[in-house]
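Trainee: Pasting a structure here, questions to come.
Numbering (the numbering used here), first residue to last: 112 to 405.
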């Protein structure tokens, strides 16, 4: 496939951001582990076969150089990392990219009134704004009709907000999750934040956890085990008072716990946009992924 110069430049900039996350402490720790392992393997051989493995100081410096090279390579952040669960047959992937480039089902975060109006209410560059542009050609009326149809089963739970001047006024419980699209490509909209009358979204860890729990239930019912991709919901305009790293870990942990309870999907991909790398410690997130998936 042909890659445009602009795309190559963007990929190069992403890689440069990766390089800034390579810490000397991480490289040093990896170097000591690798050097110790190689030493452990070579030392017995040098004792029994000194005529073949007596490299002297030059050999030790060479061993150190090889260990350092391996440590540097291992410490570089990767574009994606994946960790399997011991049971069920599921995996969690952390990936740098664009949510809408992912195959399988997608998760779209929403507020409790499921607003879709671009501009003052919904930011065009947000995931919701991109969804409206990419999937509905900015046809807000058609998207609203599909959302209203999907929310039919929740009408008894909704309440009217008389003081909301812009956007929609029917509020649904936090955690309300609907599925748009077709069985082969679902778009799971989940309400994780409260849209105030001042058009500011408020959320917190409890709201996020509740919405994720309800999301996994809906994915079980309508996802048919197909792969699911999710952004770091609540990280931009939701005012959760939680850093992006904490939200990413919350999503991973919630999925693992839900999967241990009952199978959700074959693979969950947590997508991180390149522009968010400055606020994301990928090596730390990779370490957390390895420890959380059991």
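All C-beta atoms in this analysis are idealised placements derived from N, C-alpha and C, irrespective of residue type, glycine included.
I'd like to check one pair, residue 153 with residue 182: are the Cβ atoms closer than 8 Å?
Mentor: No, these two residues do not count as a Cβ contact at 8 Å.
Trainee: Looking at the strands, I want to know which residues DSSP matches up with residue 338.
Mentor: DSSP lists no partner for residue 338.
Trainee: With a CB to CB cut of under 7 Å and the five nearest residues on each side skipped, what residues in its chain are close to residue 334?
Mentor: 216, 297 and 376, listed in sequence order.
Trainee: What three-state label does DSSP hand residue 331 in the structure shown?
Mentor: It is helical.
Trainee: In the DSSP assignment, what are the bridge partners of residue 304?
Mentor: In DSSP, residue 304 forms a bridge with 222.
Trainee: For residue 149, which three-state DSSP category applies?
Mentor: Residue 149: helix per DSSP, three-state reduction.
Trainee: What would DSSP say about residue 251, mapped onto helix, strand or coil?
Mentor: Here residue 251 sits in helix by DSSP.
Trainee: Can you grab the Cα-Cα spacing for the pair residue 234 / residue 340, in whole Å?
Mentor: Distance between the alpha carbons of residue 234 and residue 340: 21 Å.
Trainee: Can you tell me which residues form a DSSP beta bridge with residue 297?
Mentor: Its beta-bridge partners are 292.
Trainee: With 16 other CB atoms within 10 Å as the buried threshold, where does residue 359 fall?
Mentor: By the neighbour-count rule (16 or more Cβ atoms within 10 Å), residue 359 is buried.
Trainee: Determine the DSSP secondary structure at residue 377, reduced to helix, strand or coil.
Mentor: Residue 377: coil per DSSP, three-state reduction.
Trainee: For the segment 257-264 against the segment 363-378, do three or more pairs of beta-carbon atoms, one drawn from each stretch, fall closer than 8 Å, so that the two count as touching?
Mentor: Segments in contact, no.
Trainee: Are there three or more Cβ pairs, one per stretch, closer than 8 Å when the segment 210-228 is compared with the segment 276-283?
Mentor: Yes, since at least three Cβ pairs between the segment 210-228 and the segment 276-283 fall closer than 8 Å, the two stretches touch.
Trainee: Note down the Cα distance separating residue 319 from residue 286, rounded to an integer number of angstroms.
Mentor: Approximately 8 Å, taken between the alpha carbons.
Trainee: Can you tell me the Cα-Cα spacing of residue 389 and residue 321, whole angstroms?
Mentor: Between residue 389 and residue 321, the C-alpha separation is close to 28 Å.
Trainee: Work out the CA separation of residue 324 and residue 397 for me, nearest whole Å.
Mentor: Looking at the two C-alpha atoms, the distance is approximately 23 Å.
Trainee: Does the beta-carbon distance from residue 191 to residue 207 come in below 8 Å?
Mentor: The answer is yes: Cβ separation under 8 Å.
Trainee: Please check the pair residue 345 and residue 384, which I expect to be a contact at CB under 8 Å, by giving their CB distance rounded to whole angstroms.
Mentor: Actually they do not touch by this definition, with Cβ atoms about 14 Å apart.
Trainee: According to DSSP, is residue 370 part of a helix, a strand, or is it coil?
Mentor: Residue 370: helix per DSSP, three-state reduction.
Trainee: For residue 172, count neighbouring C-beta atoms within 10 Å of its own C-beta (all shown protein chains included) and say buried if the count is 16 or more, exposed if not.
Mentor: The residue is exposed, with fewer than 16 neighbouring Cβ atoms inside 10 Å.
Trainee: Under the DSSP definition of a beta bridge, which residues are partnered with residue 194?
Mentor: DSSP output for residue 194 lists 203 as bridge partner(s).
Trainee: Name the one or two DSSP bridge partners that residue 245 has.
Mentor: For residue 245, which the question treats as bridged, DSSP gives no partner whatsoever.
Trainee: Please list, in chain order, all residues of the same chain as residue 149 whose beta carbon is under 8 Å from its beta carbon, the five residues on each side excluded.
Mentor: These residues qualify, in order along the chain: 174, 177 and 178.
Trainee: Could you tell me if residue 239 is buried or exposed, where buried requires 16 or more neighbouring beta carbons within 10 angstroms of its beta carbon?
Mentor: So residue 239 ends up on the buried side.
Trainee: Measure the alpha-carbon distance for residue 291 versus residue 329 and round it to whole angstroms.
Mentor: Computed Cα separation, rounded: 11 Å.
Trainee: Which word fits residue 270, buried or exposed, when buried means at least 16 other C-beta atoms lie within 10 angstroms of its C-beta?
Mentor: Exposed.
Trainee: Taking residue 395 as part of the alpha helix (DSSP H), name the residues at either end of that continuous run.
Mentor: Looking at the DSSP string, the run of the alpha helix (DSSP H) that includes residue 395 is 393-403.
Trainee: Checking the sheet assignment: what are the DSSP bridge partners for residue 271?
Mentor: Residue 271 is bridged to 281.
Trainee: What three-state label does DSSP hand residue 262 in the structure shown?
Mentor: Here residue 262 sits in coil by DSSP.
Trainee: Identify, in the order they occur along the chain, each residue of the same chain with its Cβ nearer than 8 Å to the Cβ of residue 288, setting aside the five sequence neighbours on each side.
Mentor: Here the set comprises 299, 300, 301, 302, 322, 325, 326, 328 and 329.
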